[in-house]
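Under the working numbering, the letters of the sequence shown match residues 182 to 235, in that order. Ideal Cβ placement from N, Cα and C applies to all residues, glycine included.
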Amino acid sequence: MIVITAAIFGALLGAGRARAHGGRLADMLQWGGSFAILFAVVGMIVTIIIERSI
Numbered sequence: 182m183i184v185i186t187a188a189i190f191g192a193l194l195g196a197g198r199a200r201a202h203g204g205r206l207a208d209m210l211q212w213g214g215s216f217a218i219l220f221a222v223v224g225m226i227v228t229i230i231i232e233r234s235i
């Protein structure tokens with residue numbers, strides 16, 4: 182659940198960041214995808230750490 186939430190949050194954050202810099206649709210999709218992947222990986226690491234500590 183953390184991974185999915187992080188990926189969605191990352192996609193929204195990346196698209197918003199591209200829009201703030203005056204990006205077009207392709208820029209927003211690329212930034213959104215990149216941030217989604219990054220945040221999903223971080224969310225996966227956090228999930229693994231939480232599961233191993235329980």
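As assigned by DSSP and simplified to three states, the class of Ile230: Of the three classes helix, strand and coil, the one that applies to Ile230 here is helix, per DSSP.
Residue of Gly203, Ile229, Ala199 minimising C-alpha distance to Ser215: Nearest option by C-alpha distance: Ala199.
Alpha-carbon to alpha-carbon, Ala188 and Ile222: Looking at the sequence provided, one finds Val at residue 222 rather than Ile. Cα to Cα, the separation comes out at about 8 Å.
Heavy atom of the ligand MG within 8 Å of Ala201 beta-carbon: With respect to the ligand MG, the structure offers nothing, as it holds no ligand at all.
Contacting residues, own chain, Cβ-Cβ under 7 Å from Ile183 (five flanking each side not counted): If we look at Ile183 and ignore the five residues flanking it on each side, its Cβ neighbours are Gly224, Val227, Thr228.
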